[in-house]
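Visitor: Residues -4 to 213 (my numbering) are what the sequence shown spells out, left to right.
Just so it is clear, CB atoms sit at the ideal spot from N, CA and C, and this is done for glycine as well.
Just dropping this structure here.
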Amino acid sequence: MCRKPVGEGAKRVTTSEEGVGEEVIAGRSDRVALIPPLATKPSVRVRTGAFLRAQVEAQSLRWRLWSPVAFGAGCATYFAFRTEPEAWPLVLFAGLASMAWGAARRLHLARAWSLGLLMLACFALGLAVAKLRTEAVTAPIAPALERPTVIEGWVVDVDSPGAAGPRVVIAPVRVRGLEPEETPVRIRATVRDAAPPEPGQAIRVFAILNPPPAPASP
């Protein structure tokens, strides 16, 4: 057996037994590092499911904070529709979702089911409330007339001036050529070559009536 210096704090020991040589590196520490076998990596599906379950568990006590978010998402979804939906399917959807959530509470289903149905009910209520509010404030839309007409009403507000002149908002009392049920609630008129009237002042104008422009989005 012989010892050979191999560096600071370590030495190489060579032993020989029955013609077989063996070299051992002795360091400063007597501990042996064990490398565990390579574990099988879980699939994306398993990791996604575990992540979602952890998130549901973490947010389960914050349902009071997430309920308004789901309600607002329902309202935003209504305004994202490209065509105007009927009211009764949205109201029916909200009623069924609310009943399903109530049944889940009575049957003491798992918390994940109860919270999921609660969020669905809030979303459906947002859809229904947005539609019902739209129906409540629906007013006649000014049609496009072929020729100028006489508009009589009261000045409600004076808008910022446009390129053609000052603009006033009129609450019309009578529009020649339109029935009372066809008369719009508000009309915005551009006053040319004249000072704008004050709010609350009676006004009578000879104007060309056009419908409002279509929404830019959606």
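If you draw a straight line from the C-alpha of leucine 54 to the C-alpha of phenylalanine 66, how long is it?
Guide: The residue labelled residue 54 in the question sits at position 59 within the sequence shown. The residue labelled residue 66 in the question sits at position 71 within the sequence shown. For the record, residue 54 in the displayed sequence is glutamine; it is not leucine. Straight-line Cα distance between these residues: approximately 17 angstroms.
Visitor: Would you list the residues sitting across from tryptophan 58 in a DSSP beta bridge?
Guide: Counting from one through the sequence shown, the residue named residue 58 turns up at place 63. In the DSSP output, where bridge partners are listed per residue, tryptophan 58 has none listed.
Visitor: By the three-class DSSP mapping on this structure, what secondary structure does threonine 129 have?
Guide: Within the sequence shown, residue 129 is the residue found at index 134, counting from 1. Reduced to three states, the DSSP call for threonine 129 is helix.
Visitor: With a threshold of 8 angstroms, are at least 3 pairs of Cβ atoms found where one atom belongs to the region 82 to 102 and the other to the region 110 to 127?
Guide: Touching, per the Cβ criterion.
Visitor: Report all residues from its chain with a CB closer than 6 angstroms to the CB of glycine 160; omit the five preceding and five following residues, and keep chain order.
Guide: Within the sequence shown, residue 160 is the residue found at index 165, counting from 1. Around glycine 160: Thr185, Val186 and Arg187.
Visitor: May I have a chain-ordered list of the beta strand (DSSP E) segments no shorter than 3 residues that lie completely inside the region 57 to 120?
Guide: None, since the region 57 to 120 contains no complete beta strand (DSSP E) of that length.
Visitor: Here's a check: name, in chain order, each residue in its chain whose Cβ is nearer than 7 angstroms to the Cβ of proline 100, leaving out the five neighbours to either side.
Guide: Position 105 of the sequence shown holds residue 100. A quick correction: the sequence has arginine, not proline, at residue 100. Excluding sequence neighbours, arginine 100 sits near Ser109.
Visitor: Can you say whether alanine 107 is buried or exposed, counting buried as having 16 or more other CB atoms within 10 angstroms of its CB?
Guide: As a working mapping, residue 107 is identified with position 112 in the sequence shown. Label assigned to alanine 107: exposed.
Visitor: Taking the beta strand (DSSP E) that proline 167 belongs to, which residues open and close that run?
Guide: Here the question's residue 167 lines up with position 172 in the sequence shown. Here the beta strand (DSSP E) through proline 167 covers 162 to 170.
Visitor: Look at the alpha carbon of arginine 162 and the alpha carbon of valine 124, and state the distance between them as a whole number of angstroms.
Guide: For the purposes of this step, residue 162 is taken as the residue at position 167 of the sequence shown. For the purposes of this step, residue 124 is taken as the residue at position 129 of the sequence shown. Going from the Cα of arginine 162 to the Cα of valine 124 covers about 33 angstroms.
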